[in-house]
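Trainee: Quick one: the structure is below, and I'll ask about it shortly.
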DNA sequence: CTGTTAGCGCATTCAA
DNA sequence: TTGAATGCGCTAACAG
């Protein structure tokens, strides 16, 4: 900065004012300073600015796994919005581990980030952030209603949408393949599955709710075992894209004719679902948009549009059902079992 | 820091030494300071540290599009390695635009990042980074041999692998669907396509090299037009996952029987390719690993393992061909055209 | 409208 | 082994 000041024949403060735009600077001086800065390639040190201003333009984004298109889309939406508002994204994968998540929290706190957007794993992380005075937006699932804002899909509505669709097609034994119900996402999807059954006056067969782990291979195995145990199942609803992928691959391996022998539906619309045949009926969460909304909510706090200390906000993103070829009519009772055994 | 110092009954300098590990501090003092810091939730300010140390633990990562699984995998690999080395990733999408790329360069320079990993769009960006004294690693493609290291797939070898595979199956009219050849990636793939033909003594029909834009819909349209114009084509090689997706979708829409009526092969192994039927024969670049190697190369510079001012390094990641159902025998000459018209 | 002064939080001299 | 002093690069009073 001193170099620029000298070259431009002004003081450092004037350079600061000219470049930052805060405070007065005569038009010609301003132009001269900009010219010198550009000429010698001077770029103000963001660390020094953050230190002095006690605020940075960094936002921490903490997700489980960038290789999962759901998280990648979310992050892409966040990044787009942040960038257009002059912020940037520190992206950390926590692999769904509370330990890694907590380490990331430390990092973000150390960086004095302007805020954090997180698909939370443990309450402690969110609480800790909150205690450090960091704005937090919980994305996709909410683990604490008190600490920070949240932008969530309406999981119950989405699951109800797809379950109702299956029920209306005549399915009565609809398996649910799900990995967790302790987070609002899984819990909501289970609730929606139940709600749709209740609304249709169809009883839920608890044995058709299959718990598995968040892993395609495991999900495939679980789905396979379920079909073996219950050949009367006519439809399967996989609670997220990873489980759906595992189940679909397993059914393909088994040579099942979809949707004739079995209908399947999923949650989260990811690219492969419209490329395979039959294409997969699924609930879109508008994930990219969800990410943008997360950034919007955070930016609203930062800009003061919402009071920094105002009550937690909850934004809902409505899901949409995309009906594709993987869901068909339910067969008459009994027929499915024979059909499947036949091969 | 003052608070910790007071509580622990020592000076700020001692707190600094105790916490950072640099310089002396009596064992008991060290423990006491750590205890106090943990109790009051003190976390050293990373901005102040960066300012003072003239070095940050941030690494800029600049890619085209996080929603493309190729870039997402690359970024995930980078992040994993950086994180385990105590660095973090500032991720910016440039959408393939030189303008956005240049803005990101400004941002990274301002942050005094430890280095930048970039899938480059324009030479200027890489040069500018270099001039600002930032270590740069060019990922996937190299746009400047002088400015910074590079970690690249062997595009020529990969394309030759897949083209040879098609030739060996008897195909002689193999279309190439490609978006650009000005970068090392596209240029290499085109070269590999030619090299395989040359090695097999098969002439390249220049009309079968179809240029399109980096966009699935456009690629599908281009592929469609090509097939209409040249019904004698028996195989198509799409130079990346986006083009492959567009082409595959188009062929599905047309109801083509793959691989009987047409064989297709791709570059970049992304999840949908093994889920669709027929599954797609493709060249894997080991993208996640490529990302890790990028981080390794950067970290080697930062750690001094490679001289900071040593000559540019070039690391190659060998590709591998995965043969799947989408590539089959070429039909006897002439038959393909009739076959396709028949439907 | 501009320059001088002071200090953000830290790490590193240098003395003790 | 520790503390006092200094300055990293910047911005915000404040006085002119």
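Protein chains in written order, with my numbering: chain V, -16 to 326; chain L, -16 to 326.
We put the CB at the ideal spot given by N, CA and C, even for glycine.
1. Name the chain L residues that come within less than 8 angstroms of residue 0(V), Cβ to Cβ?
2. Mind checking residue 211(V): buried by the 16 CB within 10 Å criterion, or exposed?
3. Locate the beta strand (DSSP E) running through residue 98(V), then write down its first and last residues.
4. Within 8 angstroms, do at least three Cβ pairs link the region 142 to 160 of chain V to the region 57 to 76 of chain L?
5. Between which two residues does the beta strand (DSSP E) carrying residue 133(L) extend?
6. Starting from residue 377(V), find everything on chain L with Cβ-Cβ shorter than 7 angstroms and list it in chain order.
7. Tell me the rounded alpha-carbon separation between residue 251(L) and residue 143(L).
8. Quick one, are the C-beta atoms of residue 207(V) and residue 232(V) less than 7 angstroms apart?
9. Give a yes or no on whether the minimum CB-CB distance between residue 109(V) and chain L is below 7 angstroms.
10. Between residue 309(V) and residue 228(L), what straight-line distance do the alpha-carbon atoms span, to the nearest angstrom?
11. Taking Cβ-Cβ distances shorter than 7 angstroms, what residues in chain L pair up with residue 26(V)?
12. Mapping the DSSP letters down to three states, classify residue 323(V) as helix, strand or coil.
13. Residue 198(V) touches chain L at which residues, Cβ-Cβ below 9 angstroms?
14. Look at the alpha carbon of residue 163(L) and the alpha carbon of residue 66(V), and state the distance between them as a whole number of angstroms.
15. For the candidate residues 95(V), 153(V), 154(V) and 141(V), whose alpha-carbon lies nearest to that of residue 173(V)?
16. Consult DSSP for residue -10(V) and reduce its assignment to one of helix, strand or coil.
17. Say whether chain V places a C-beta atom closer than 7 angstroms to the C-beta of residue 254(L).
18. Is residue 259(L) close to chain V, meaning its C-beta is less than 7 angstroms from at least one C-beta of that chain?
19. So, do the region 295 to 314 of chain V and the region 241 to 261 of chain V have three or more beta carbon pairs nearer to each other than 8 angstroms?
20. Using DSSP bridges, identify the partner residues of residue 299(V).
21. Distance, Cα to Cα, residue 320(V) vs residue 253(L)?
22. What residues of chain L sit near residue 223(V), judged by a beta carbon separation below 7 angstroms?
23. Along the chain, which unbroken stretches of the beta strand (DSSP E) at least 3 residues long are found entirely within the region 146 to 182 of chain L?
24. Could one say the Cβ of residue 81(L) lies closer than 7 angstroms to chain V's Cβ atoms, at least one of them?
25. Residues of chain L with CB under 7 angstroms from residue 66(V), in chain order?
26. Cβ of residue 3(V) less than 7 angstroms from any chain L Cβ?
27. Considering just the uninterrupted stretch of the alpha helix (DSSP H) at residue 328(V), what are its terminal residues?
28. Quick one: Cα of residue 41(L) to Cα of residue -16(V), how far?
29. Along the chain, where does the beta strand (DSSP E) that runs through residue 45(V) open and close?
30. Among residues of its own chain, excluding the 5 on either side of residue 179(V), which ones have a beta-carbon nearer than 7 angstroms to its beta-carbon?
31. How should residue 315(V) be labelled, buried or exposed, when 16 other C-beta atoms within 10 angstroms of its C-beta is the threshold for buried?
32. Roughly how many angstroms lie between the CA atoms of residue 69(V) and residue 289(L), to the nearest whole one?
33. Considering only C-alpha positions, which residue in the set 54(L), 39(L), 37(L) and 176(L) is nearest to residue 45(L)?
34. Does the distance from the CB of residue 79(L) to the CB of residue 105(L) come in under 7 angstroms?
35. CA-CA distance, residue 126(L) and residue 103(L)?
36. Determine, using beta carbons only, whether residue 137(V) and residue 301(V) come nearer to each other than 7 angstroms.
Mentor: Here's the rundown:
1. The contacting residues do not exist; residue 0(V) stays about 18 angstroms from chain L at best.
2. exposed
3. 98 to 101
4. no
5. 132 to 136
6. What the structure shows of chain V is the stretch from -16 to 326, and residue 377(V) is not part of that stretch, so it cannot be assessed.
7. 14 angstroms
8. no
9. no
10. 20 angstroms
11. 89, 92 and 93
12. In this prediction, residue 323(V) has a pLDDT of 44, which is less than 50 and means its spatial position is unreliable; what the coordinates show is noted afterwards. The answer is helix: DSSP assigns residue 323(V) an H, G or I state.
13. Going along chain L, no residue has its Cβ under 9 angstroms from residue 198(V), so there is no contact; the nearest lies around 14 angstroms.
14. 27 angstroms
15. 141(V)
16. helix
17. yes
18. yes
19. yes
20. 135(V)
21. Any reading at residue 320(V) must be qualified, since the residue scores a pLDDT of 43, below 50, and its modelled position is unreliable; the value itself is stated next. Cα to Cα, residue 320(V) sits roughly 35 angstroms from residue 253(L).
22. Going along chain L, no residue has its Cβ under 7 angstroms from residue 223(V), so there is no contact; the nearest lies around 14 angstroms.
23. 157 to 161
24. no
25. 75
26. no
27. Nothing in the structure corresponds to residue 328(V), since chain V is present only between -16 and 326.
28. 23 angstroms
29. 41 to 46
30. 143, 146, 147 and 150
31. exposed
32. 35 angstroms
33. 54(L)
34. no
35. 7 angstroms
36. yes
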